[in-house]
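So for the sequence shown, my numbering puts the first residue at 21; every next one is plus one.
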Amino acid sequence: MSHKLYKNLIGGEWVASRTGKTFLNINPANSDDIVGEFQSSSAADIDNAVAAAAEAWKSWRLVPAPKRAEILYKTGEILTQRKEQYARDMTREMGKVLAETRGDVQEAIDTAYYMAGEGRRLFGQTTPSELKSKFAMSVRMPVGVCGMIAPWNFPMAIPSWKLFPALVCGNTCVIKPAEDTPLSTYNLVQCLVDAGLPAGVVNIVTGFGPDAGAPIVSHPGVRAVSFTGSSEVGRIVGQTAAGNFKPCSLEMGGKNAMIVLDDAHLDLAVEGALWGAFGTTGQRCTATSRIILHKKIAAEFTEKLVARADALKVGDGLDESVQVGPQVNQQQIETSTRYCEIAKKEGAKLLTGGSALEDGTYDKGHFFAPTVFASVKPGMRIAQEEVFGPVVSLIECADFDEALDIANGIDYGLSTALYSRDVNLAFRAMRDLEAGITYINAPTIGAEVHLPFGGVKHTGNGHREGGTGALDFYTTWKSVYFDYSDKLQRAQIDTGE
Ligand code: NAD
């Protein structure tokens, strides 16, 4: 089957990597299906991309923000027209089912419209000066060339969270998509180009992490770095950026807990658990991977959840009847398999799943059975470490306080959920769960783009994507003092008389 060759976009030109090397993007549901061939880039390509972005920044920073926003608005309209095609492309390269890839494209559309609106806000502050005839204000300034490194699980939504706020704020960008999912970022960038984005404002360079990602972080011309991915790589990225005093936004892993108390609407909680744990084949940073069950309802909940997990249809996400797609690659299958073995050795009880699906229908893809472990203790590795697959652990608790301790007793702090009808406990959960996101009576997944997204502890380093938090990362504050008194006035010294 013939496939298309994709090039890097640098300075408005589609160019081959200077390495002369390429790699194949293969459908995780069907190894016969080659989605495309992409450039395997290196530091020399990043040098070119950063130079193009630096050149473009000279004029882009001066384009009025409402005009920059018009391009984003148009990008949202183009994405809307192409939504179905892009969702299909994304299912082919990443695996998740069509309903979810449509959602991923929709998230980029939502972000485009939201950030287009910011073009007429980007509010700063005016404030009285302590001196007479002096005007004081703070204004948001763009940062410059921003480097962006993305993961594969939301291959269009996450790049849009990075690119759109950066652009409306007046920055130029060099983005490296994950090696498993470059096409969706291409599609996104193509819409920006078609909407009239000037050459060099966004540059896309594909390739592998150490070859094409690391040079973005260390490049002296890159003024800020936005990274989403594993905590392991995030640590390297953060340390490199810190060495150059470079602002660096890190969005990393999770081990997200859902607490189900004995007064919960049980069927609703089972429904939420099923979606939270097995949606996106468990490959969301916010996936529900621990369910903390009050002992009074544990048996009934477990029975219902296992029955529902067993009934899930696993297969090619392009088939509308499929509910769980493949994992993104063989490495993820190996990780899920390894953690299932570890869990069994630690004494957890496998209730269903626990292995890859490899027979006839599954032999050309990376499929893993939806997996439920019971009798999991909070300290077990299966309850502490991110699996990033369709594997969920059930942990019992005696009461809400114990549930809180278990939920908080991990290194990560991304998303949490409580199922209960007790309003007092719901408010305590909102206050006491150590996480960037808490849901009440909804699963741990389901972020909306106009709210801050990110986590605490090892999940992040304090920045937020989404919401106005993104504007804080992609701008730097300038305080401006304008003296129209025609004389020297000294702050803190002169009285203003
Ligand atoms: P990953 O860390 O393996 O890769 C992420 C990106 O970093 C890829 O583009 C990769 O090429 C690049 N990279 C790898 N090594 C690098 C290096 N040395 N220098 C610079 N870049 C490098 O993660 P992944 O497997 O693509 O994604 C899964 C992880 O992402 C999970 O841990 C998940 O929880 C996390 N994630 C977090 C969020 C969030 O917002 N908190 C969202 C989605 C995914």
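Ideal placement from N, C-alpha and C gives every residue a C-beta, glycine not left out.
Residue range of the unbroken beta strand (DSSP E) whose run includes residue i
i    : result
R276 : Per the sequence shown, the amino acid found at residue 276 is Asn instead of Arg. Where N276 is concerned, the enclosing beta strand (DSSP E) stretches over 276-280.
F447 : Counting along the chain, F447 falls outside any beta strand (DSSP E), though it belongs to the alpha helix (DSSP H) covering 443-452.
V392 : 391-394
Q343 : Premise fails: Q343 is in no beta strand (DSSP E) and is neither H nor E.
G56  : 54-59
T464 : Premise fails: T464 is in no beta strand (DSSP E) and is neither H nor E.
Cross-strand partners of residue i (DSSP beta bridge)
i    : result
P148 : F155
E416 : L313
R243 : According to DSSP, R243 bridges with nothing at all.
L168 : The sequence shown places Met at residue 168, not Leu. Beta-bridge pairing links M168 to I195, S246.
T436 : A277, T458
C305 : According to DSSP, which records beta bridges pairwise, C305 is partnered with nothing at all.
R566 : No statement about residue 566 is possible, as the shown extent of the chain runs from 21 to 517 and does not include it.
W34  : L29
G480 : E271
V334 : V344
K549 : With the chain represented from 21 up to 517, any question about residue 549 goes unanswered, as that position is not in the structure.
N223 : V194
F502 : F155
L370 : F393
V407 : Looking at the DSSP assignment, V407 forms no beta bridge with any residue, so it has no partner.
Start-to-end residues for the alpha helix (DSSP H) that takes in residue i
i    : result
Y494 : 489-494
S204 : 202-214
Q126 : 118-138
I402 : 401-404
C527 : Since the displayed the chain opens at 21 and closes at 517, residue 527 lies outside it and no answer follows.
L92  : 85-114
E291 : 286-298
I46  : Taken as a continuous stretch (DSSP letters only), I46 belongs to no alpha helix (DSSP H), being part of the beta strand (DSSP E) at 42-46.
T260 : 251-263
K78  : 63-80
I430 : It is not in any alpha helix (DSSP H) - I430 carries neither H nor E in the DSSP assignment.
I236 : 234-238
CB contact flag (residue i, residue j, <8 Å)
i    : j    : result
V326 : V257 : no
L142 : C189 : yes
A526 : L453 : In the structure displayed, the chain extends from 21 to 517; residue 526 sits before or after that span and is not available.
A107 : A177 : no
T464 : T306 : yes
T226 : F502 : no
L377 : V334 : yes
V199 : F228 : At residue 199 the sequence reads Glu, which differs from the Val that was named. For E199 and F228, yes; Cβs fall inside 8 Å.
G475 : G489 : no
V221 : W80  : yes
Y439 : V253 : no
A132 : S180 : yes
A368 : V396 : yes
F298 : I353 : no
D124 : F184 : no
F302 : G409 : The amino acid at residue 302 is misidentified as Phe; the sequence shows Gly. Their beta carbons are under 8 Å apart, which means G302 touches G409 by this criterion.
I317 : C417 : no
T406 : G273 : With the sequence shown as reference, residue 406 is identified as Glu, and Thr is not the correct amino acid for it. Taking 8 Å as the Cβ cut-off, E406 and G273 qualify as a contacting pair.
Y206 : Y359 : no
T372 : L434 : no
M157 : G139 : no
Burial state of residue i, where buried means 16 or more other Cβ atoms lie within 10 Å
i    : result
K343 : According to the sequence displayed, residue 343 carries Gln and not Lys. Q343 is buried by the Cβ-count criterion.
G429 : exposed
E485 : buried
H23  : exposed
T146 : exposed
R112 : buried
M450 : exposed
A293 : buried
E120 : buried
R310 : buried
L203 : buried
T515 : exposed
F265 : exposed
T201 : buried
I30  : buried
I513 : exposed
P48  : buried
P197 : buried
D130 : buried
D336 : buried
Check your understanding: Between the segment 159-166 and the segment 201-220, are three or more C-beta pairs nearer than 8 Å?
Key -> Taking a cut-off of 8 Å for Cβ pairs, the segment 159-166 and the segment 201-220 do not touch, as fewer than three such pairs fall below it.
Review point. How do the segment 367-386 and the segment 266-283 stand: do at least 3 beta-carbon pairs fall below 8 Å, yes or no?
Key: No, because fewer than three Cβ pairs between the segment 367-386 and the segment 266-283 fall closer than 8 Å, the two stretches do not touch.
Practice item. Determine, using beta-carbon pairs with one atom in the segment 231-244 and one in the segment 257-275, whether at least three such pairs fall under 8 Å. Key: Counting C-beta pairs with one atom in each stretch, the segment 231-244 and the segment 257-275 have three or more that are closer than 8 Å, which means they touch.
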